[in-house]
Amino acid sequence: MSDLRIVVLGYIVRGPLGGLAWHHAQYVLGLTRLGHDVLFVEDSDDYPACYDPQTDSMSVDPTYGLSFIRNFFNKLGLGDRWAYHDAHAETWHGSAFTRVADFCRTADLVLNLSGVNPAREWWTEIPARALVDTDPVFTQIRHLTDDAERELAKRHTVFFSFGENIKTTSCKIPDDGFTWQATRQPIVLDAWAVTPGRAAGKWTTVMQWDSYAAREYGGRRFGMKSESFGDYIDLPDRTGQLFELALGSANAPREELQSKGWQVCDPREPTRDPWTYQSYLQESKAEWSVAKHGYATSRSGWFSERSAAYLASGRPVVTQETGFSEWMETGSGVLSFSNCDEAIKGVEEVARRYDFHCRAAREIVAEYFDARKVLTHLLERAFVNSV
185 MSDLRIVVLG YIVRGPLGGL AWHHAQYVLG LTRLGHDVLF VEDSDDYPAC
235 YDPQTDSMSV DPTYGLSFIR NFFNKLGLGD RWAYHDAHAE TWHGSAFTRV
285 ADFCRTADLV LNLSGVNPAR EWWTEIPARA LVDTDPVFTQ IRHLTDDAER
335 ELAKRHTVFF SFGENIKTTS CKIPDDGFTW QATRQPIVLD AWAVTPGRAA
385 GKWTTVMQWD SYAAREYGGR RFGMKSESFG DYIDLPDRTG QLFELALGSA
435 NAPREELQSK GWQVCDPREP TRDPWTYQSY LQESKAEWSV AKHGYATSRS
485 GWFSERSAAY LASGRPVVTQ ETGFSEWMET GSGVLSFSNC DEAIKGVEEV
535 ARRYDFHCRA AREIVAEYFD ARKVLTHLLE RAFVNSV
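In this note's numbering, the protein residues as written are 185 to 571.
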């Protein structure tokens, strides 16, 4: 699996935030490091979808996002590997926009990350077309309830999901008829510096209270993080530790959280660019986080790309169980919980053996998330299992 031409479809110009940018860029960087010819392509879609964190607004104007990706990809050495199609202005941007058509005509594979790009003629004829589902449960429900989403999914030849338990009997992800295979976030290890941990620092996370409305399907409810958080609201008082939430969503109960001892900050500051995001993780003691209720109640096996980035920075992670302990070793570096007592024990264990868990965090990410392993495995299956 060498010397492939690969198109990565993603979401950076429209979502110019540090964590989202790293999530997508590590596919491009990791595949390039493996020796492949890679092009990142993004499409505006046909509705106002460009987020500007300076004004906290959505529009059709990609100016902010174009500057964001240009600076980011230049620093990664990928300055000639991106293009953006602005359907509203009927024009292309980016260092590689003049060669998109020729590149796609000879490409071997397209990786459509999260399915957030529309079907366009420049990629739908590429022989192998992989849909990478990063939002398990909710993706499958969309395919079962939204004809347009299902038709977009049918444009692909192979299907991967961050819901790593999707084929197990314990998993309750609804069956949408597509043949899903497990995958996970690739981490380019040398892009993440390991700095000394801050034992007296804050436990942090970056999160949305409600990303979108909860879903119901087959008599079951699948909610957001807002439905997971309630059982843990007294955690600061019960542990005596410092906790900070870089918290998005207009409806998040910030005053109530602060009254319970949580520090709350605007997530646009730590996610202002990829480097402030890395610094925020490095300056943290560790991550503590809940998962979307839907991920947990379905036993999806999902594990956050953000948590993987904490691990890569040498920071332990204490996070809500979604079934990921069925495929990943936990207890060192990564500690899971399913109730408040378990969450408290996890926090106390990390505090008790902090340096040990910091070392274990980096070992865990190297074992399970190293981009060389994750992407090689994905590519092997993308061609063998294409239909």
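Just so you know, even glycine gets a beta-carbon here, dropped at the ideal spot from N, CA and C.
All values reported here derive from a predicted model rather than from experimental measurement.
Throw me the rounded Cβ distance for the residue i and residue j pair, which I believe falls under 8 Å.
| i | j | result |
| --- | --- | --- |
| Q504 | S412 | 6 Å |
| F540 | G478 | So it is not a contact: roughly 33 Å between Cβ atoms. |
| P200 | F252 | 4 Å |
| K409 | K338 | About 30 Å; that fails the 8 Å criterion. |
Does the Cβ of residue i have 16 or more other Cβ atoms within 10 Å, making it buried, or fewer, making it exposed?
| i | result |
| --- | --- |
| E274 | exposed |
| V284 | buried |
| V534 | buried |
| G530 | buried |
| W307 | buried |
Just grab the DSSP bridge partners of residue i for me.
| i | result |
| --- | --- |
| I371 | D554 |
| L223 | V191 |
| D270 | T275 |
| T388 | E428 and E471 |
| S520 | T503 |
| Y464 | Per DSSP, none; premise fails for Y464. |
| C234 | S243 |
| L295 | V192 and A314 |
| R217 | DSSP lists no partner for R217. |
Is residue i helix, strand or coil when you go by DSSP?
| i | result |
| --- | --- |
| V568 | helix |
| R404 | strand |
| S412 | helix |
| Q348 | First, the amino acid is wrong: residue 348 is Glu here, not Gln. Reduced to three states, the DSSP call for E348 is coil. |
| D331 | helix |
| L426 | coil |
| F362 | coil |
| A312 | strand |
| N435 | coil |
| C542 | helix |
| V321 | coil |
| F343 | strand |
| R452 | coil |
| R326 | helix |
| R536 | helix |
| R283 | helix |
| R399 | strand |
Alpha carbon to alpha carbon, what distance is there between residue j and residue i?
| i | j | result |
| --- | --- | --- |
| A233 | S473 | 28 Å |
| V225 | R313 | 14 Å |
| A377 | D240 | 30 Å |
| I196 | N258 | 14 Å |
| E513 | Y211 | 24 Å |
| L562 | T367 | 7 Å |
| E510 | R490 | 20 Å |
| C355 | F362 | 15 Å |
| R334 | G299 | 11 Å |
| P500 | A271 | 42 Å |
| R189 | W266 | 14 Å |
| Q425 | G385 | 9 Å |
| R198 | N296 | 15 Å |
| Q392 | E428 | 13 Å |
Got a sec: is the Cβ-Cβ distance from residue i to anything in chain B below 8 Å?
| i | result |
| --- | --- |
| A527 | In the displayed structure, chain B is absent; only one protein chain is listed. |
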